[in-house]
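> Below are the structure tokens for one structure; questions will follow.
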């Protein structure tokens, strides 16, 4: 089954501490490359997240973004009065040692760590929930890649059928084209009134027929088409293999065009190359 490397997934989770949200974007790439954008609280998760991606994906440039919006609660503000008194007393003692001391600013006291009593967040539990949500988003990404992979396979199969039609249309014309070329050469020699040894002429015509015979190229084209279809059934990622097969198909199409002795062969070679190029562009997105 084919998998596309281009997909997007978004998963959100609302919990007591706030809202967690993962966004994962994947595009085509020669290898597996991943990039994470994480809030400072979740930086320690990067290596476990990398391991999860490596187990699920083999190719593609993957960008993963985590956002966390803390829950705003309407609880009354609580102040650590004992700590506030100690800070004020310490500030007054320092003021006695200075000339023209500045009055104590209440907001300066409030900004001191521990003066405002806030609800403690269980960061370990929060990270576990972020990991579980990432696994969910990653599965959604894979499903989207699978769905697009099926669409790509349909497009490729349509073009394989078109190439088959070109090959099957050209194959029965080969004897006729070779015979036409033979008659053209004989007629041309007669028009020029050139005296040529019949045996030597026959040998040259045989060599020309061998060089112009495209049956072997058509056979190899169909062999490669069969291999492409077989590759579709592989369970392992097959993007690189398909890319190689596109190169081999293009090689045979080029040879077919170079050996053309008839406009019909030339036209078939051009049509096949166009179809191969269309497939090659799609194959670049396959994992």
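In full-length UniProt numbering, the protein residues as written are 1 to 287. Positions of the beta carbon are idealized from the N, C-alpha and C atoms, including for glycine.
Terminal residues of the continuous beta strand (DSSP E) containing residue 19?
Segment 18-27, the beta strand (DSSP E) holding residue 19.
> List, from N- to C-terminal side, the beta strand (DSSP E) runs of 3 residues or more that fit wholly inside the segment 118-168.
Runs of the beta strand (DSSP E) inside the segment 118-168: none found.
> In the DSSP assignment, find the beta strand (DSSP E) that holds residue 61 and state where it starts and stops.
Looking at the DSSP string, the run of the beta strand (DSSP E) that includes residue 61 is 60-70.
> Do the CB positions of residue 45 and residue 127 come within less than 8 Å of each other?
Cβ atoms of residue 45 and residue 127: closer than 8 Å.
> Buried or exposed: residue 256, going by 16 or more other Cβ atoms within 10 Å of its Cβ?
The residue in question, residue 256, is buried, as its Cβ has 16 or more Cβ neighbours within 10 Å.
> Compare the Cα-Cα distances from residue 112 to each of 95, 85, 37 and report the closest residue.
Answer by Cα proximity: 85.
> Could you give the DSSP three-state label for residue 232: helix, strand or coil?
Residue 232: coil per DSSP, three-state reduction.
> Tell me the rounded alpha-carbon separation between residue 78 and residue 59.
Computed Cα separation, rounded: 52 Å.
> Got a sec, what are the start and stop residues for the alpha helix (DSSP H) residue 12 sits in?
Element bounds for residue 12: not the alpha helix (DSSP H) but the beta strand (DSSP E), 7-15.
> Using C-beta distances below 7 Å, list every residue in its chain close to residue 27, excluding the 5 sequence neighbours before and after it, in chain order.
Hits under 7 Å: 5, 6, 60, 61.
> Relative to the C-alpha of residue 284, which residue among 247, 254, 271 is closest?
It is 247 whose Cα lies nearest to the Cα of residue 284.
> Hey, out of 102, 88, 34, whose CA is closest to residue 109's CA?
Ranking the options by Cα distance to residue 109, first place goes to 88.
> Secondary structure at residue 3, three-state DSSP: helix, strand or coil?
Of the three classes helix, strand and coil, the one that applies to residue 3 here is coil, per DSSP.
> Could you spell out the range, first to last residue, of the beta strand (DSSP E) harbouring residue 36?
First-last of the beta strand (DSSP E) with residue 36: 32-37.
> Between the alpha carbons of residue 217 and residue 253, how many angstroms are there, rounded?
About 8 Å.
> What is the rounded straight-line gap between the Cα of residue 65 and the Cα of residue 50?
Going by the C-alpha atoms only, they are around 13 Å apart.
> Whole angstroms is fine: what's the gap from residue 264's alpha carbon to residue 137's?
Their Cα atoms are separated by approximately 52 Å.
> With 16 as the cutoff for other CB atoms within 10 Å, does residue 104 come out buried or exposed?
It counts as exposed.
> At the level of alpha carbons, what is the spacing between residue 171 and residue 267?
If you take the alpha carbons of residue 171 and residue 267, they lie about 14 Å apart.
> Name the two residues that bound the continuous alpha helix (DSSP H) containing residue 280.
Element bounds for residue 280: 263-283.
> According to DSSP, is residue 286 helix, strand or coil?
Strand at residue 286.
> Taking the alpha-carbon positions, what's the residue 2 to residue 132 distance?
Computed Cα separation, rounded: 27 Å.
> Measure from the alpha carbon of residue 14 to the alpha carbon of each residue in 123, 68, 162, then state which is nearest.
It is 68 whose Cα lies nearest to the Cα of residue 14.
> For a quick check, are the C-beta atoms of residue 142 and residue 56 less than 8 Å apart?
Contact: yes.
> Residue 286 and residue 242 - do their beta-carbons sit closer together than 8 Å?
Contact flag set, yes.
> Using only CA atoms, which one of 179, 150, 214, 53 lies nearest to residue 135?
Ranking 179, 150, 214, 53 by Cα distance to residue 135 puts 53 first.
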